[in-house]
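Chemist: Residue numbers (my numbering), protein chains in the order written: chain A, 184 to 527; chain B, 4 to 339.
Cβ coordinates follow ideal geometry from the N, Cα and C atoms, glycine included.
Treat the numbers as computed from the prediction; the structure is a model and nothing was measured.
Sharing a structure with you now.
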C-alpha cells in the first residue's frame with residue numbers, strides 16, 4: 184500500500200535530506216549529473232548554449248510522451264502502442280484536412296478525438312478482458328502499424344501524406360505545436376514548454392489530487408485499492424487516455440514541424456518512453472515513480488544521443504555507446520536508490 | 004449504463020459538431036480539391052492483345068517505404084498497359100523474400116522481378132526459377148550477381164556510381180567538408196553511396212548514423228553534428244524525407260552548409276526550387292518498376308533482351324532548381 188505510506192510521509196515531519204532521499208527521481212538526478220559531467224569532459228562543444236538547446240529539444244520530444252507513460256507505469260500498466268499512436272495522430276490530422284480540403288484546425292480536432300478513442304480502447308479492453316497490458320497494447324501496436332500504412336496508401340496512394348503547408352490554418356497551428364524562438368545563440372522550441380507544462384500538471388495530479396492517490400493505489404495493488412473504494416476502471420482508462428492526449432500533442436508537433444508524415448514512422452519509440460520512465464525511477468511493477476523523474480530520464484536520453492555526436496565518436500559504434508550509457512545510468516540510479524532506502 | 008449512454012451521446016454530438024465545422028471550415032487553398040482540379044483523368048486500359056500473363060514482383064522493401072512505392076507504381080502502370088496480371092510482395096527479411104519468390108515459382112507465374120539486396124540469400128531460389136523456365140529480371144540492387152544467377156537483365160542504379168556522381172558534384176560546387184547522413188545502420192546500399200561519394204569528393208567526408216524512424220531525433224543528431232563541427236559545409240541525406248529535416252537542423256544550428264539529397268518527393272522539389280536544397284540525385288524508381296515489367300513482356304512476346312548482359316542503369320540523374328520546376332508535376336502525382 185504505497186498510497187498510505189506516501190500520505191504518511193507527507194504528514195510526518197522529516198528533514199529536507201531525508202525527504203530528498205525518499206524521492207524516486209533522486210537516482211536519476213545523480214545519473215543525469217554523471218552523464219552531464221562525462222560529456223562536458225569528452226566533448227568540447229557539449230557545453231555551448233546552442234548545443235544545450237539541441238539537447239533540450241531532443242529530450243522534450245521523448246519527454247512529452249515519457250510523462251504519461253510514467254504515470255501509466257505508476258498505475259501498474261504500460262503501453263506498447265504509444266510510439267505508433269504518435270504517428271497515427273499526425274496522419275489523421277494531415278489526411279483529414281487534405282482529403283476534406285478542410286481548415287487544418289478541423290483535422291487537428293478530429294485527430295484529437297480519434298487518438299483519445301484509441302486510448303479509451305486500450306483502457307477499456309484492458310479493464311474488460313483482464314488480459315495483461317502487454318497483450319492488449321501489443322495488439323493495438325500491430326493494428327495501428329497496419330492501419331497507418333493501409334489507410335495512408337488507400338487514401339493518398341503513396342506511403343507518406345501530401346504536404347498541407349499551403350492550407351488555411353497551417354500557420355496558426357504551427358505556431359501552437361512547432362514554433363521556436365531565437366534567444367541569442369539559443370533556439371528554444373515550443374516542445375520544451377509543452378514538456379515542462381506536462382511535467383508540472385502531472386506532478387500536481389500525482390501529489391496533490393485524489394486522482395493521484397488513486398493512481399498510486401491502483402499500481403500498488405488493484406484489488407486492495409478496489410476494496411477501499413478506488414475507481415480502478417476509471418483510473419486505468421483515464422491513464423490510457425492521458426497517454427493518447429500526449430501522443431496527440433507529439434503527433435501534431437511532428438506534422439507541423441515536418442509538414443509531411445511518413446506512415447512507417449514511430450515504431451520502436453515506445454521503448455524510448457518506457458526507458459525514460461524507468462531511468463526516472465518508475466518501477467516496472469507499478470506503485471512507485473514520479474513525473475519529474477521521467478523528465479530527468481528523457482534529459483539523460485537527450486544528452487546521451489546527442490553527446491555521442493558532439494564527442495565525434497566513430498559512428499559505427501553509435502548504438503553500442505547509446506545502449507551502454509543508458510544501462511550505466513539506470514544501474515547508477517538503482518544503486519543510489521538502494522543506498523537511499525537503506526539510510527531511511 | 005446510463006452514464007455510458009450519455010458518454011456516447013456526448014461523443015456523437017462532438018463528432019457531429021466537428022463534421023459540421025469541417026464543411027464550414029473549408030480551406031480555400033491546397034488539399035485534395037486542388038489536386039483533383041489539377042489532375043486530368045488517367046485511363047489504364049491495356050494497349051496490347053497478348054495473353055494475360057502473370058508477373059510477380061518480389062522486393063526487399065520495408066513497410067511504408069516511399070521509394071519502393073514509386074517502383075511499384077511504375078510496375079503497375081506497365082502491367083496495365085501490357086495486359087499483365089501483376090502480383091506484388093515484399094519483405095525486408097531476406098529469408099521471407101526468398102519464400103515469396105518460391106511461392107511465385109509454385110504458382111507457375113510467367114515472369115519474376117526480384118531485387119537482390121542480399122544476393123546470397125536469394126541465389127538458390129532465383130536459380131530455381133530460371134531452371135523452371137521462368138524468366139527473371141533483377142531490379143535496383145544486385146547488378147554484380149544478376150547475370151551469374153541467370154537473370155535476363157538487371158535494371159537499376161549502381162549505388163557506388165551514384166555516390167561517385169554526388170562526390171564529383173559536391174567538388175564542383177566547391178565544398179570542403181561534407182557529412183553523409185545514413186538513416187539505416189547496416190544497409191549495404193547506403194554504405195556504398197557514402198563510400199562512392201567519399202571516393203570522388205575532393206574534400207573531406209564523414210558518416211553520421213541517425214534513427215530513421217524518429218524524425219525529431221534525426222533533426223537533433225544533424226544539429227548536434229553541425230554544432231560540433233562548424234567547418235561542415237555540405238550535408239548529404241540518402242532519402243528524400245530526410246532532406247527537409249536536414250534543412251531545419253541546419254537553420255537551427257545556424258550553419259551555412261548546403262543540403263543535398265538522394266531521391267525526390269514534393270517537399271524536395273519545393274526546397275530545390277526555393278534554393279533551400281542544392282541538388283538531388285534521382286535514380287528514377289518509376290523507371291525501374293516500369294522497365295522490369297515491360298522488358299519481361301517484350302521477352303515473352305518477342306524474345307527481346309536489353310543490356311547485352313550488362314546492367315541497364317536508371318540513374319544517377321542530378322536534379323537542380325531548373326529541373327525541379329519541370330518535374331514538379333510528376334513528383335506530385337507520385338511517379339518521380
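Nearest to residue 193 of chain B by alpha carbon, out of B:178, B:221, B:294, B:212?
Modeler: B:212
Chemist: Hey, does residue 504 of chain A have any beta-carbon neighbour from chain B nearer than 8 Å?
Modeler: Among the residues facing chain B, residue 504 of chain A is not included, as its CB has no counterpart in that chain under 8 Å away.
Chemist: Who are the Cβ neighbours of residue 132 of chain B in its own chain at under 8 Å, not counting the five residues just before and after it?
Modeler: Taken in chain order, the residues that qualify are 104, 107, 108, 115, 139.
Chemist: Where DSSP assigns a beta bridge to residue 261 of chain B, which residues make up the other side?
Modeler: B:237
Chemist: Going along chain A, which residues have a C-beta under 7 Å from residue 218 of chain B?
Modeler: 437, 441, 448
Chemist: Tell me residue 281 of chain B's beta-bridge partners as DSSP assigns them.
Modeler: Answer by DSSP bridge pairing: none, since residue 281 of chain B is not bridged.
Chemist: Apply the 10 Å Cβ neighbour rule to residue 198 of chain A and answer buried if 16 or more other Cβ atoms are within range, or exposed otherwise.
Modeler: Result: exposed.
Chemist: Does the beta-carbon of residue 51 of chain B have 16 or more other beta-carbons within 10 angstroms, so that it is buried, or is it exposed?
Modeler: exposed
Chemist: For residue 92 of chain B, write down the residues that DSSP places opposite it in a beta bridge.
Modeler: B:61
Chemist: Check each candidate in A:351, A:457, A:432, A:451 and name the one with the smallest Cα separation from residue 28 of chain B.
Modeler: A:351
Chemist: Using the beta-carbon of each residue, which ones in chain B are nearer than 8 Å to residue 501 of chain A?
Modeler: Ordered by position in chain B, the residues that pass the 8 Å Cβ test against residue 501 of chain A are 188, 212.
Chemist: If you run the structure through DSSP and keep just helix, strand and coil, what is residue 278 of chain A?
Modeler: helix
Chemist: Where in the stretch 348-428 of chain A do unbroken runs of the beta strand (DSSP E), each at least 3 residues long, occur, reported from the N-terminal end onward?
Modeler: 363-366, 369-372
Chemist: Starting from residue 349 of chain B, trace the alpha helix (DSSP H) in both directions and tell me its first and last residue.
Modeler: Residue coverage of chain B in this structure runs from 4 to 339, which leaves residue 349 of chain B outside it and unanswerable.
Chemist: By DSSP, does residue 468 of chain A sit in helix, in strand, or in coil?
Modeler: It is coil, neither helix nor strand.
Chemist: Let me check understanding here. Comparing Cα to Cα, which of B:168, B:155, B:228 lies closest to residue 2 of chain B?
Modeler: With chain B covering 4 to 339 only, the question about residue 2 of chain B has no answer from this structure.
Chemist: Determine whether the beta carbon atoms of residue 236 of chain B and residue 178 of chain B lie at a separation below 8 Å.
Modeler: Going by beta carbons, residue 236 of chain B and residue 178 of chain B fall inside the 8 Å limit.
Chemist: Among B:234, B:230, B:224, which has the Cα closest to the Cα of residue 3 of chain B?
Modeler: Outside the displayed range of chain B (4 to 339) lies residue 3 of chain B, so it cannot be described from this structure.
Chemist: Am I right that residue 54 of chain B and residue 85 of chain B are in contact with their C-beta atoms under 8 Å? What's the rounded C-beta distance?
Modeler: Their Cβ separation, rounded to whole angstroms, is 11 Å, which puts residue 54 of chain B and residue 85 of chain B out of contact at 8 Å.
Chemist: Cβ of residue 396 of chain A less than 8 Å from any chain B Cβ?
Modeler: no
Chemist: Quick check on residue 266 of chain B - is its C-beta less than 8 Å from some C-beta in chain A?
Modeler: no
Chemist: With a cut-off of 8 Å, do at least 3 Cβ pairs link the stretch 259-272 of chain B to the stretch 327-336 of chain B?
Modeler: Yes, they touch.
Chemist: Nearest chain A C-beta to residue 248 of chain B closer than 8 Å, yes or no?
Modeler: So, interface residue.
Chemist: Determine the direct distance from the alpha carbon of residue 247 of chain A to that of residue 251 of chain B, and round the result to whole angstroms.
Modeler: 21 Å
Chemist: Label residue 380 of chain A either buried or exposed according to how many other C-beta atoms from any shown protein chain fall within 10 Å of its C-beta, with 16 as the threshold for buried.
Modeler: exposed
Chemist: In terms of alpha-carbon separation, which member of B:286, B:314, B:302, B:232 lies closest to residue 228 of chain A?
Modeler: B:232
Chemist: In this structure, does DSSP put residue 185 of chain B in helix, strand or coil?
Modeler: It is a strand residue.
Chemist: Do residue 476 of chain A and residue 211 of chain A have their CB atoms nearer than 8 Å?
Modeler: yes
Chemist: Determine, using beta carbons only, whether residue 224 of chain B comes closer than 8 Å to chain A.
Modeler: yes
Chemist: Give the residues of chain A in contact with residue 159 of chain B, contact being defined as C-beta atoms less than 9 Å apart.
Modeler: None at all; the shortest Cβ gap to chain A is about 20 Å.
Chemist: Taking Cβ-Cβ distances below 9 Å as the criterion, which residues of the stretch 280-307 of chain A are in contact with chain B?
Modeler: 280, 281, 282, 283, 284, 285, 286, 287, 288, 289, 290, 292, 293, 296, 300
Chemist: Given this structure, state the Cα-to-Cα distance separating residue 45 of chain B from residue 77 of chain B, to the nearest angstrom.
Modeler: Residue confidence for residue 45 of chain B is low, a pLDDT of 44 falling below 50, so the modelled location carries little weight and cannot support an answer.
Chemist: From B:263, B:292, B:304, pick the residue whose C-alpha is nearest to that of residue 322 of chain B; which is it?
Modeler: Minimum Cα distance to residue 322 of chain B is reached at B:263.
Chemist: Throw me the rounded Cβ distance for the residue 307 of chain B and residue 341 of chain A pair, which I believe falls under 8 Å.
Modeler: With a Cβ gap of about 32 Å, residue 307 of chain B and residue 341 of chain A do not count as contacting.
Chemist: Considering only the alpha carbon of each residue, which of A:269, A:240, A:237 lies closest to residue 251 of chain A?
Modeler: A:269
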